[in-house]
Amino acid sequence: MGLIVCENSQCSAVVENALWKQLCLRRFPQLSKVAHVVEVNDCEANEPSAGSSNSKECETLERDHRAYAILGRRCKEFAAEDCISEAIGASSTDNYPEESIDNTLEPRDIVARRASYWSSKGQSDPSVPETLIYKLDSDFYVVTEINIKPFRAFFQLGFPIYSAKYVRFRMGYPKSPSDLVSDSMKESSHDDKFIWTYTSQKFKMARESILQKFKLPEPILCIGGFVQIEFLGRVQKQTMDCLFYICVSHVEVLGQSLAPALAVEDLDPSGRFVLKNNLQAKGDCKPGLPKRKSRAITEQRARQLQGLINEFEDFDEDYAEYILALEDESDEEFVL
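So the mapping is simple: the numbering used here equals the position in the sequence shown, first residue as 1, plus 91.
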């Protein structure tokens, strides 16, 4: 898209050309499903003001800018942490509750003198997959890494490790809140109850009982706050029944929550949603707008800006730094 030249100086170059939005859309394609941005603000009602079509358009640009600038800056200043709040369900559980998915939230191998792990049911066919589903502690997360520790059965001969050949990850949201109601063994959360907006590549899992780190190729926006881990290919047969099992000691999903500043509302089956910007979460009623310019940028300057934007083909950290520098720019003409 080409840069717009502001005719009345109501919007800065950063705002009117949606530079933060461009960055976020390139980094997180799922944002193309945003229907519109709303602001929650206790200081004043969030209602369209009367005025010309130009002023209304500028208000929309400014509202979008505030939301996408928060997202862009959060991703630039990233501090990943474990973000699982609840274990939702497993495709199967061998012995409940002793071998429940809930045990995978515990980093210790032994709790109350018992081994802590989840175990699938046994299968004669090693190709039968298994899945675990977790809820994150907010519905809007940037996820960078998922860590899994396969279980070593230290109480069995040879101390076998019940890992898988591969793992794959999905992120999304339930089709309806009622779909989260699970049975007593947490075995009712299956694929047909969720809409998955992201599916990763397959990652090879080592046959080692260590916390194995699976770093995603790029940060992924988890819209809806649910993560599925799929285990593909069983590698260990239990001696006593000659069946293949998959067992996991611990799971971590690393990322950064965008709440409470940003949230997701009105998710529909098509994946479209409303992006909510909570201004009060940042302690300000009108944050995030760059300085107003004393005069409009010229057509020549617009061409200069567009040329620089085109240089950042990957919209990476350099592009974010460029936007920040442009926001802090003085009222003087931009000099190449």
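Glycine included, each C-beta is placed from N, C-alpha and C at the ideal position.
Got a sec, what are the start and stop residues for the beta strand (DSSP E) residue 338 sits in?
-> Counting along the chain, the beta strand (DSSP E) containing residue 338 begins and ends at 338-348.
Would you tell me roughly how many angstroms separate the C-alpha atoms of residue 161 and residue 326, rounded to the nearest one?
-> Near 45 Å, if we compare the C-alpha coordinates of residue 326 and residue 161.
Going by other Cβ atoms of all chains shown within 10 Å of its Cβ, with 16 needed for buried, is residue 317 buried or exposed?
-> Its Cβ being crowded by 16 or more others within 10 Å, residue 317 is buried.
6 Å CB neighbourhood of residue 221 in its chain, flanking five on each side removed = Excluding sequence neighbours, residue 221 sits near 182, 211, 322, 337.
Taking all protein chains shown into account, do 16 or more other C-beta atoms lie within 10 angstroms of the C-beta of residue 333, making it buried, or fewer, making it exposed?
-> It is exposed - the Cβ of residue 333 has fewer than 16 other Cβ atoms within 10 Å.
Going straight from the alpha carbon of residue 209 to that of residue 111, what length do you get?
-> Distance between the alpha carbons of residue 209 and residue 111: 43 Å.
Let me know if residue 231 comes out buried or exposed under the rule of 16 or more other beta-carbons within 10 Å of its beta-carbon.
-> With 16 or more Cβ atoms within 10 Å of its Cβ, residue 231 is classed as buried.
Mapping DSSP to helix, strand and coil, what is residue 215?
-> In the structure shown, residue 215 falls within a coil segment according to DSSP collapsed to helix, strand and coil.
Straight-line CA distance for residue 189 to residue 259?
-> Distance between the alpha carbons of residue 189 and residue 259: 26 Å.
If we ignore side chains and look at the alpha-carbon of each, how far apart do residue 126 and residue 171 end up?
-> In this structure, the CA atom of residue 126 is about 28 Å from the CA atom of residue 171.
With residue 113 as the anchor, note down where its alpha helix (DSSP H) starts and where it stops.
-> Counting along the chain, the alpha helix (DSSP H) containing residue 113 begins and ends at 110-118.
Starting from residue 107, trace the alpha helix (DSSP H) both ways and give me its first and last residue.
-> Residue range 104-107 is occupied by the alpha helix (DSSP H) that includes residue 107.
In DSSP terms, what residue 173 is bridged to | For residue 173, which the question treats as bridged, DSSP gives the partners 345.
Does DSSP classify residue 375 as helix, strand or coil?
-> At residue 375, the pLDDT of 42 sits below 50, so the modelled position is not reliable; the number obtained from the coordinates is stated separately. Looking at residue 375 - three-state DSSP - the assignment turns out to be coil, as it is neither helix nor strand.
Spell out the partners DSSP gives residue 303 in its beta bridges.
-> Bridge partners of residue 303: 239.
In three-state DSSP terms, what is residue 167?
-> DSSP places residue 167 in helix when its eight states are reduced to three.
Do you know how far the Cα of residue 290 is from the Cα of residue 370?
-> Across the structure, residue 370 and residue 290 are spaced so that their CA atoms are roughly 32 Å apart.
Under the three-state reduction of DSSP, which class applies to residue 222: helix, strand or coil?
-> Looking at residue 222 - three-state DSSP - the assignment turns out to be strand.
What is the C-beta distance between residue 225 and residue 178, in whole angstroms, given that I count them as a contact (C-beta under 8 Å)?
-> Yes, residue 225 and residue 178 are in contact; Cβ-Cβ is about 6 Å, under 8 Å.
Use the C-beta contact count for residue 186: other C-beta atoms within 10 angstroms, 16 or more gives buried, fewer gives exposed.
-> So residue 186 counts as exposed.
CA-CA distance, residue 166 and residue 108?
-> Roughly 20 Å separates the two Cα atoms.
What's the call for residue 354, buried or exposed, on a 16-neighbour Cβ count within 10 Å?
-> Residue 354 is buried by the Cβ-count criterion.
When DSSP labels each residue in this structure, what does residue 210 get in the three-state scheme?
-> In the structure shown, residue 210 sits in a strand (DSSP, three-state: E or B).
Please work out which residues of its chain come closer than 6 Å, Cβ to Cβ, to residue 310, disregarding the five sequence neighbours upstream and downstream, and give them in chain order.
-> Excluding positions up to five away in sequence, the list reads 233, 235.
Consult DSSP for residue 198 and reduce its assignment to one of helix, strand or coil.
-> Of the three classes helix, strand and coil, the one that applies to residue 198 here is coil, per DSSP.
So residue 339 and residue 173 are in contact, right, with Cβ under 8 Å, and what is the actual spacing, rounded?
-> The C-beta distance from residue 339 to residue 173 rounds to 15 Å, too long to meet the 8 Å contact threshold.
Simplified DSSP state of residue 189, which is helix, strand or coil = Residue 189: coil per DSSP, three-state reduction.
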